[in-house]
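Beneath this line is the structure, given in structure tokens, with notes to follow.
Right, here's the structure in full:
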């Protein structure tokens, strides 16, 4: 794919002037001007924008097409669009779906801004009438609610077709010599997003608060908690509207992180003021559990269907339908919890508390560097102690508690990552994540197997056929195998993570040594 | 990347019309599509207004060091590129014979394009030769246009036998009816025979002068007669082929 060039046109030059300039190269065609509306799509966490890609739905009368510009400087690729696009999986199979899915994953593709574009295509042809270079001239107007918002910009693109790069260079040279052009540093997506009241990259689920080691712990922790509250609130609407499963995931993680922060950093904030919130965040966390567990199960079943190329998929339809119905009930209950006065009061009062400076607890005035190091080492030691006391036959409940211990350590490392060496912190989080993944997968497999076994009678009573029950039996057996395999993986990984060298690395990183 | 060879032992059965129009529909559906014109007559190249010239000809193109990507030309249709024909392809068999592993040569040449394209159409000349074997080894699917006559159906049996012996084990052989004239009794009878053959794709391309006008317009049929009966038939043929190549989309 040859590189395309983008110029801003200074002065009044339009399609006729551009065509007149290009006529020096040979035959030129000027296509009829079209007014198109472009709706720019991205995930809520800007996954496409971060990857350098741009995805746009262009509407020209009744005709719609999808424009995909992967990272790089090639011209956008166009695709005919018939149905609605909500997820990468809705895109036509092929490179487009692969590339968008690689960036967006399972997140919904949401409109993030709109532009109205007056577009005239000038084409440089050869003697056979074949197009060699496309030169679209575009007047780009950012829109908000169907009305112009922000300044209109005129730009000109030089897009040579594959195999005709030389003609593209000649076209660019001729245009630069005859018109007043400047290399266009503008960004249509950014203009559209700003007009819609957002900024590209304005959301990330990462904690990313820059702290300094000498900062009083009370202030640092309040900043971390305020950031978590923003993340939590940002995900409420997407969760209630059920735009994709990751809104609930991020909301749940922000809640869990908040609870970890309150529990693990005891003594930093005034105990009597934060104590009433612990129960409220537990309530919120519990409200998210049923829906999230079912999301995970349904996503796993979908992945299983894809990996088996649909084999045996239909037999599981009754189970999937039942899980989807249960999920809908759980989602409705969660939505009503998020609409309740209890939730709004929690957000309001918590925000007010975090916004005000107040005397901290006994550790509130100590430097965060020291407090964070101490708490991380404590969390690590607890995890190591609990984990080393367990073996492959450990009860599920004990393994689940260990998983929570691991999460607490991971969250602490992430809250305070800016205090320590970035590379080493990331390496330790990665190692911990491997341990956590095995534990998480073990627990999910157990939970899902319990659900499948428990639903057998109900599926039968609801008129389920033998094929459905056999497929559920297969699934339950697979889940049991997965559970056994993952527990082995966990213990193999945990032995290294809980060992003396990792402990020494962690203590060195955070500048705190725990006792024996 | 899926490779579709449009091939028949017989000439004048609608191979190029199928390759040119199916490539159009694949590109319009959003697939990154390459049409490789292997026929020295260069009709597909002509229809897309590209110069039928490959620097160094077939002999150079088959060299391991020759990059196919440098020879690709963009067409006026978005997402559709073309590897032009060259008159030297009339000696493709001899050029292949001079290379090591001639049967695998086209597959080897296409391998580096796997990340660039979703689907490649090979518009093959009518013959049974070393080049045909190389095509069969490169292809995931063999699309065979069949005029509904007794002789053509006999030819299909030969194609199937050759493809089974020389093609890949997982090669899809997909015949379809081409240049159908329902006014002819023989065509109607043969259509009945083909309907009973489960291997046939269901879409049938009618014989129509508007298809021949691709040479006048120098464009694929849907570009100048999108609502014509043959254009709709090619669209239906593409839908079937799409489902066979990519499954659920």
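Chains as they are written, first to last, in my numbering: chain A, 16 to 531; chain B, 764 to 1012.
For glycine and all other residues, C-beta sits at the position ideal for the given N, C-alpha and C.
Tell me the rounded alpha-carbon separation between residue 924/B and residue 904/B. In the second chain, counting from the first residue as 1, residue 924/B sits at position 161. In the second chain, counting from the first residue as 1, residue 904/B sits at position 141. The alpha-carbon atoms of residue 924/B and residue 904/B are separated by roughly 15 Å.
Between the alpha carbons of residue 500/A and residue 494/A, how many angstroms are there, rounded? Counting from 1 along the first chain, the entry for residue 500/A is found at position 485. Counting from 1 along the first chain, the entry for residue 494/A is found at position 479. Approximately 10 Å, taken between the alpha carbons.
Paired residues, beta bridge with residue 151/A - DSSP: Here the question's residue 151/A lines up with position 136 in the first chain. Answer by DSSP bridge pairing, in chain order: 136/A.
In three-state DSSP terms, what is residue 162/A? Here the question's residue 162/A lines up with position 147 in the first chain. Note: residue 162/A maps to strand in three-state DSSP.
Does DSSP put residue 1012/B in a helix, a strand or coil? In the second chain, the residue the question calls residue 1012/B occupies position 249. Summary for residue 1012/B: the model assigns pLDDT 49, below 50, so the residue's position carries little reliability, and this model does not support an answer.
With DSSP as the reference, please indicate the residues paired to residue 156/A in a beta bridge. Indexing the first chain from 1 puts residue 156/A at position 141. Per DSSP, the beta-bridge partners of residue 156/A are 131/A.
Closer than 8 Å to chain A by CB, residue 783/B: If you number the second chain from 1, residue 783/B lands on position 20. Closer than 8 Å: no.
Within 7 Å of chain B by C-beta, residues of the region 135-152 of chain A in sequence order: 143, 144, 145, 146
Chain A within 8 Å of residue 813/B, Cβ atoms only: One-based indexing of the second chain puts residue 813/B at position 50. For residue 813/B, the answer is yes, since a Cβ of chain A falls inside 8 Å of its Cβ.
Distance check for residue 823/B and residue 779/B, CA to CA, integer angstroms please. By 1-based counting over the second chain, the position of residue 779/B is 16. By 1-based counting over the second chain, the position of residue 823/B is 60. The alpha-carbon atoms of residue 779/B and residue 823/B are separated by roughly 24 Å.
Which residue or residues does DSSP assign as beta-bridge partners of residue 466/A? Sequence index remark: in the first chain, residue 466/A carries index 451 (1-based). Bridge partners of residue 466/A: none, in fact.
Terminal residues of the beta strand (DSSP E) in which residue 73/A lies: Counting from 1 along the first chain, the entry for residue 73/A is found at position 58. Element bounds for residue 73/A: 69-75.
Mind pulling the chain A residues with CB within less than 7 Å of residue 1009/B? Sequence index remark: in the second chain, residue 1009/B carries index 246 (1-based). Correct list: 108.
Measure from the C-beta of residue 896/B to each C-beta in chain A and report whether the shortest distance is under 8 Å. Along the second chain, read from residue 1 onward, the residue named residue 896/B stands at position 133. No, no contact with chain A.
Counting only the same chain and skipping the five closest in sequence on each side, list residues whose C-beta sits under 7 Å from that of residue 811/B. As a first step, residue 811/B is located in the second chain; it is residue number 48 there, counting from the start. These residues qualify, in order along the chain: 838, 845.
Relative to the alpha-carbon of residue 820/B, which residue among 813/B, 908/B, 803/B has its alpha-carbon at the smallest distance? The sequence position of residue 820/B within the second chain is 57, counting from 1. It is 803/B.
Using a Cβ-Cβ cut-off of 8 Å, state whether residue 900/B counts as contacting chain A. Position 137 of the second chain, counting from 1, holds the residue named residue 900/B. Judged by the 8 Å Cβ criterion, residue 900/B is not in contact with chain A.
Starting from residue 502/A, follow the alpha helix (DSSP H) in both directions and report where the run begins and ends. Here residue 502/A refers to the residue found at position 487 when the first chain is read from its first residue. Residue 502/A -> alpha helix (DSSP H) spans 481-512.
Mind listing the chain B neighbours of residue 187/A? Cutoff is C-beta to C-beta under 9 Å, in chain order. Along the first chain, one-based indexing puts residue 187/A at 172. Within chain B, no residue comes near residue 187/A; the closest Cβ sits about 17 Å away, beyond 9 Å.
With residue 422/A and residue 271/A assumed to form a contact (beta carbons below 8 Å), what rounded beta-carbon distance in angstroms separates them? In the first chain, the residue the question calls residue 422/A occupies position 407. In the first chain, the residue the question calls residue 271/A occupies position 256. Indeed, because the Cβ distance is near 7 Å, the residues count as touching under 8 Å.
Cα-Cα, which of 150/A, 209/A, 193/A, 217/A is closest to residue 163/A? The residue you call residue 163/A lines up with position 148 of the first chain. Ranking the options by Cα distance to residue 163/A, first place goes to 209/A.
Who are the near neighbours of residue 95/A in its chain, counting only those whose CB is closer than 7 Å to its CB and skipping five residues on each side? Walking along the first chain from the start, residue 95/A turns up at place 80. Excluding sequence neighbours, residue 95/A sits near 80.
Below 8 Å, can you find three or more Cβ-Cβ pairs linking the region 904-921 of chain B to the region 952-963 of chain B? yes
Closer than 7 Å at the beta carbon, the chain A residues around residue 794/B: Here residue 794/B corresponds to residue number 31 of the second chain, with the count starting at 1. What residue 794/B touches in chain A: 107, 109.
What in chain A is Cβ-close to residue 961/B, meaning under 9 Å? As a position in the second chain, residue 961/B is number 198, starting the count at 1. For residue 961/B, there are no C-beta contacts with chain A under 9 Å, since the nearest C-beta of that chain is about 21 Å from it.
Tell me, please, whether the CB atom of residue 505/A is closer than 8 Å to any CB atom in chain B? Counting from one through the first chain, the residue named residue 505/A turns up at place 490. No, because no Cβ of chain B sits closer than 8 Å to the Cβ of residue 505/A.
Checking contacts by CB at 8 Å: is residue 778/B closer than that to chain A? Residue mapping note: residue 778/B aligns to position 15 of the second chain, counting from 1. Not one chain A Cβ lies under 8 Å of residue 778/B.
Is the region 229-245 of chain A touching the region 447-458 of chain A in the sense that three or more CB pairs, one from each, lie closer than 8 Å? no
In angstroms, rounded to a whole number, what distance separates the CA positions of residue 311/A and residue 459/A? Position 296 of the first chain, counted from the start, is the residue given in the question as residue 311/A. Position 444 of the first chain, counted from the start, is the residue given in the question as residue 459/A. Answer to the nearest angstrom: the Cα atoms are 8 Å apart.
Same chain only: Cβ atoms within 7 Å of residue 505/A, ignoring 5 sequence neighbours per side: As a position in the first chain, residue 505/A is number 490, starting the count at 1. Excluding sequence neighbours, residue 505/A sits near 450, 453, 454, 457.
Report the CB separation of residue 885/B from residue 898/B in whole angstroms; it is logged as a contact under 8 Å. Residue mapping note: residue 885/B aligns to position 122 of the second chain, counting from 1. Residue mapping note: residue 898/B aligns to position 135 of the second chain, counting from 1. Indeed, because the Cβ distance is near 6 Å, the residues count as touching under 8 Å.
Less than 8 Å between the CB atoms is what I'm expecting for residue 510/A and residue 407/A, so what's the real figure, rounded? Your numbering for residue 510/A matches position 495 in the first chain. Your numbering for residue 407/A matches position 392 in the first chain. That pair is no contact at about 12 Å.
Does the Cβ-Cβ distance between residue 284/A and residue 230/A come in under 8 Å? Start at 1 with the first residue of the first chain, and residue 284/A comes out as number 269. Start at 1 with the first residue of the first chain, and residue 230/A comes out as number 215. In this structure, residue 230/A does not lie closer than 8 Å to residue 284/A by Cβ.
Let me know the secondary structure DSSP gives residue 83/A once reduced to three states. If you number the first chain from 1, residue 83/A lands on position 68. Three-state DSSP puts residue 83/A in a strand.
From the DSSP secondary-structure annotation, give me the bridge partner or partners of residue 106/A. The count along the first chain starts at 1 and reaches residue 106/A at position 91. DSSP, once it has assigned bridges, lists no residue as partnering residue 106/A.
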